[in-house]
Amino acid sequence: MDPVPERAGSEAAPFEAAPSEAAPPEAVPSEAAAPEATARPEQDREGEPATRDAPADAPCTLPYDLPDFTGRAKELAELFDYVQDKARGGERYARIVAIDGMGGMGKTTLAVHAAHRLADRYPDGQLHIDLHGFTPGREPVTPAAALDGLLRTIGTPGDRIPEDLEGRTALWRSKLDGRRMLLLFDNAVDAAQIRPLLPAWPGCLALITSRGRLLDLDGVEWVSIGMMEPEDSTSLMAETLGTTRVAAEPAASAELAELCGHLPLALRIATARLRNRPRWTVRYLVERLRDEKRRMDELSSGERSVAATLRLSYLAMDEEYRTAFRILSLYPCAGTDAHSAAALLGTTVRDAEDALEFLLDVHLVQQPDIGLYTFHDLVRSFAQSLRGPATADDDAAAVERLLGYYLTASNTACEVLFPGRERRPTGIAPYQGELPSLRDAEQAVRWFEREQAGLLAAVSLAERCGHDRYAACLSRNVGFHLHTHGQLDEFWSVGHLAVAAARRLDDPALLGISLANLGAACWKLGRFEEGLEVAAEARDTAIRAGDRHTEAHSESTLGLLMSMLGRYGEALPLLERSVAVARELSNLRAESESLTTLSTLYERWGRYPEAAAAARRAIEIDRDLGYRGNEIVALTDLAFAQVGLGEYPDADASLGRARALCDEARSPGDVALVLALSALVAHERGDGPQARAFAERSLVLGRTSGAPIRLAKVENVLGRLHLLWGEHEVALALHEHAHRIAEPMSFRAEEASALVGMADAAEALGDFRAAAGYRAAAEGLYDFMSLPAHRRTY
């Protein structure tokens with residue numbers, strides 16, 4: 001941390017002692033420059049006065065430079081470049097550099113190190129004054145008192161120093177006239193404290209350190225410092241703890257740096273504790289620091305403490321900003337924007353943004369991107385430590401406002417993105433605050449993508465805080481986004497959380513829809529047997545609740561899962577009934593989804609005309625709804641049916657329409673299947689280069705989609721294509737991988753297709769015995785599925 005000004009309980013005068021009188025370095029945190037950055041700046045540029053020997057009476061009150069300074073190469077380079085850059089004013093103006101950053105970052109250490117490196121350029125003196133802007137038990141030094149001390153230090157008799165501030169400022173600047181001096185104004189509280197101290201003579205350099213950026217101080221070059229780079233943190237630990245101990249536990253040392261947030265003060269305290277406890281291993285301290293509730297207590301040594309340092313910044317704020325600081329730490333994820341902050345604070349978005357910007361100016365929050373604000377881990381821990389019984393009611397209200405905001409905003413986004421989605425009453429009053437603009441699909445997609453981590457964290461927060469209705473309803477909305485974007489593990493996780501919350505509420509309607517959504521996640525992940533149990537419970541629950549919409553949805557999912565397992569005879573009546581009920585209820589979205597599943601079943605059964613008819617009806621509905629995601633699926637189903645009928649030109653047209661609708665960022669598994677079938681059709685049309693291009697992109701998307709059922713089908717289609725190209729080893733590898741995916745999940749249709757492909761590839765490679773075994777296994781599966789002879793192929 002800033003070594004001199006942030007020394008707890010210091011009663012020193014505004015001026016620090018000369019180096020020979022300086023205090024021991026134990027309480028002084030620092031960082032260090034790489035060799036090239038810490039080298040003394042180049043001297044005597046053409047046109048600048050040459051450095052000269054210091055006069056005998058040239059004062060120097062700089063604190064000592066730490067011998068273990070390390071890191072900060074970039075910041076030192078910026079500072080030195082500015083000091084030496086004639087284009088920024090040359091010798092016409094005094095140079096002023098201000099170093100700002102959160103408490104504990106090592107601003108003073110950096111400034112002192114730089115001052116020592118630059119001392120030769122300012123032979124008439126180097127002065128340091130601690131302005132005590134954030135010193136425990138000390139009021140900030142007034143400008144008048146600071147000037148009195150400065151004037152006395154350069155030899156001005158006390159009886160010659162004016163009483164008023166204006167007189168002292170004028171005398172100070174006249175005394176600097178003609179001198180080349182370096183002035184280090186440390187630990188400034190605001191611009192008003194600094195402004196009268198600034199030199200006017202061009203040969204002077206003023207270095208300022210401050211926790212907040214002094215925005216109303218003109219003519220200043222700013223150097224902001226943040227967390228140390230990981231390699232610099234390692235170097236600092238090696239310097240302060242010893243290379244041997246750090247090298248002996250490299251993984252633990254890296255984790256220690258992470259737990260300290262790469263904050264120099266925290267790292268110095270941690271290594272000091274390890275030095276004082278030689279029997280402790282780095283791993284042992286890491287295990288203690290992993291407990292977030294005690295981490296701030298662990299990062300304390302003697303008079304030095306991360307919490308105490310942060311508390312100084314906290315106490316310097318007005319009460320409204322202290323409250324905002326504490327409440328904003330309730331946000332359950334890394335970064336918040338002004339809308340979610342407004343929900344937490346119960347203010348307008350404009351007022352929330354003002355509060356965030358203030359906290360940013362005083363370095364209590366960071367801004368990793370425009371409009372996004374985040375806490376350093378240790379700052380968040382400190383802010384959360386401010387909570388207690390006295391704040392419990394306000395904190396609970398803030399959490400509920402945040403959950404209300406996310407539920408209302410995600411409902412609005414889902415209405416835009418998923419046309420025809422059944423509207424479900426939540427039993428929760430809509431959030432009355434400001435929402436972001438969600439007028440069109442592009443805005444809604446962007447909002448979901450930006451807020452995804454926050455939404456998932458909010459679902460978990462709702463569960464932890466006992467807000468089960470928020471947890472279940474918000475999970476449904478988030479699930480739509482996750483499903484569409486192929487983030488299936490997360491889709492399954494929030495589905496389980498929603499089911500558990502609905503059970504606790506004993507709400508049959510909410511439980512039914514939550515189970516139905518979980519069943520869809522099981523299907524996408526290839527967990528077919530689990531999905532059957534979930535979907536069956538969803539159907540039974542919906543029947544008891546009289547919820548025919550969920551009943552139809554669940555029967556469609558049951559039929560889909562039966563179809564994936566090759567139980568076509570059981571699947572067909574379920575799917576036909578779900579289509580009929582959805583039509584009766586005028587639930588067009590549900591009807592379309594059931595029709596695409598029915599089309600897939602017909603195609604696998606070899607009933608191509610019926611498959612094409614079901615797909616065409618789904619396409620009509622999807623176009624009327626603007627339901628692009630399912631239209632892509634329906635067009636692909638239609639193309640498969642057309643390929644089965646030998647209608648390659650028609651299949652090519654269907655796939656062309658599907659590709660025009662595709663967005664690789666959404667449902668990448670579905671896009672991969674479109675491209676795989678497009679490659680096969682392009683080959684049949686004689687367009688080899690296009691077929692190759694489609695095939696390559698399809699495989700990339702399929703393998704990164706996280707959708708195993710899509711990947712199995714994609715690899716089987718591509719394996720067939722490589723067989724047609726005579727690339728038998730590639731084909732065999734593709735079919736074998738498809739089989740490894742399909743077999744454990746009992747995805748019998750693709751398991752059988754993979755076996756047939758493996759048999760054909762093995763025969764082409766001369767392994768007839770293996771081919772016979774593959775074919776026999778495929779026939780057993782075809783018998784189970786009761787497929788006709790003409791469909792016992794790919």
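Just so it is clear: in the sequence shown, position 708 is 708 by full-length UniProt numbering, and no numbers are missing. Glycine included, every Cβ here is placed at the ideal spot set by N, Cα and C.
Query                                                                                                                       : Result
Simplified DSSP state of Thr374, which is helix, strand or coil                                                             : strand
Chain-order list of residues whose beta-carbon lies under 6 Å from that of Arg52 (same chain, five-residue window excluded) : The predicted position of Arg52 is uncertain, since its pLDDT is 45 and thus under 50; a value taken from the coordinates is nonetheless stated next. Closer than 6 Å at Cβ, skipping near neighbours: Pro123.
Residue from Glu400, Asp540 and Arg607 whose Cα sits closest to the Cα of Leu572                                            : Arg607
Whole runs of the alpha helix (DSSP H) within the segment 108 to 171, excluding any shorter than 4 residues                 : 143 to 153
Trp222: first and last residue of the uninterrupted alpha helix (DSSP H) it sits in                                         : That residue, Trp222, is in no alpha helix (DSSP H); its beta strand (DSSP E) goes Glu221 to Ser224.
Those residues which DSSP pairs with Arg95 across a bridge                                                                  : Leu205
Cut-off 6 Å between Cβ atoms - residues of its own chain near Ala618, not counting five sequence neighbours on either side  : Ser592, Leu595, Thr596 and Ala634
Cα-Cα separation between Arg659 and Leu675, rounded to whole angstroms                                                      : 8 Å
Residue burial classification, Ser313 (beta-carbon count within 10 angstroms, cutoff 16)                                    : buried
Ala707, DSSP secondary structure in three states                                                                            : coil
Pair within 8 Å by beta-carbon distance, Ser514 and Ala472                                                                  : yes
Asp650, DSSP secondary structure in three states                                                                            : helix
Exposure of Phe768, with buried meaning 16 or more beta-carbon neighbours within 10 Å                                       : exposed
Status (buried if at least 16 other CB within 10 Å, exposed otherwise) for Thr243                                           : exposed
For Glu357 and Gln432, the rounded distance between their alpha carbons                                                     : 24 Å
Distance cut-off 7 Å: Thr550 Cβ against heavy atoms of the ligand ZN                                                        : This structure simply doesn't include the ligand ZN, nor any ligand for that matter.
His113 burial status per 10 Å Cβ neighbour count (16 or more: buried)                                                       : buried
Member of Glu576, Ala538, Ser586 and Asp354 whose CA lies at the smallest distance from the CA of Ala517                    : Per the sequence shown, the amino acid found at residue 517 is Asn instead of Ala. For the residues Glu576, Ala538, Ser586 and Asp354, the minimum Cα distance to Asn517 belongs to Ala538.
Under the three-state DSSP convention, the category Gln84 falls into                                                        : helix
Thr38, DSSP secondary structure in three states                                                                             : Residue placement at Thr38 is poorly supported in this model, since its pLDDT is 34, which falls under 50; the coordinates are not used for a value here.
Arg469 versus His739: straight-line alpha-carbon distance, rounded                                                          : 42 Å
Expected contact under 8 Å - CB spacing of Asn716 and His735 to nearest Å                                                   : 6 Å
Identity of the residues DSSP links to residue 806 by a beta bridge                                                         : Residue 806 falls outside the range modelled here, since the chain spans only 1 to 794, and no answer is possible.
Meets three-Cβ-pair contact criterion under 8 Å: the segment 357 to 374 and the segment 286 to 299                          : no
Beta-carbon proximity of Gly757 to Leu711, cut-off 8 Å                                                                      : no
DSSP state of Ser210 mapped onto helix, strand, coil                                                                        : strand
Those residues which DSSP pairs with Gln366 across a bridge                                                                 : Thr374
Other residues of its chain near Ser30: CB distance less than 6 Å, five sequence neighbours each side excluded              : Confidence at Ser30 is low in this model, with a pLDDT of 32, below 50, so the placement of that residue is unreliable and no value is reported for it.
Delimiting residues of the beta strand (DSSP E) encompassing Leu182                                                         : Leu182 to Ala188
Beta-carbon spacing of Val714, Gly706 below 8 Å                                                                             : no
Gln443: first and last residue of the uninterrupted alpha helix (DSSP H) it sits in                                         : Ala441 to Arg464
Boundaries (first-last residue) of the alpha helix (DSSP H) holding His737                                                  : His728 to Met745
Buried or exposed by the 16-neighbour rule on C-beta atoms within 10 Å, applied to His790                                   : exposed
Residue 800 versus Ile709: straight-line alpha-carbon distance, rounded                                                     : Shown here, the chain extends from 1 to 794; a query on residue 800 therefore has no answer.
Proximity winner among Val494, Leu259 and Thr271, relative to Arg380 (alpha-carbon distances)                               : Leu259
When His553, Thr209, Thr408 and Pro609 are compared against residue 801, the one with the closest alpha-carbon              : In the structure displayed, the chain extends from 1 to 794; residue 801 sits before or after that span and is not available.
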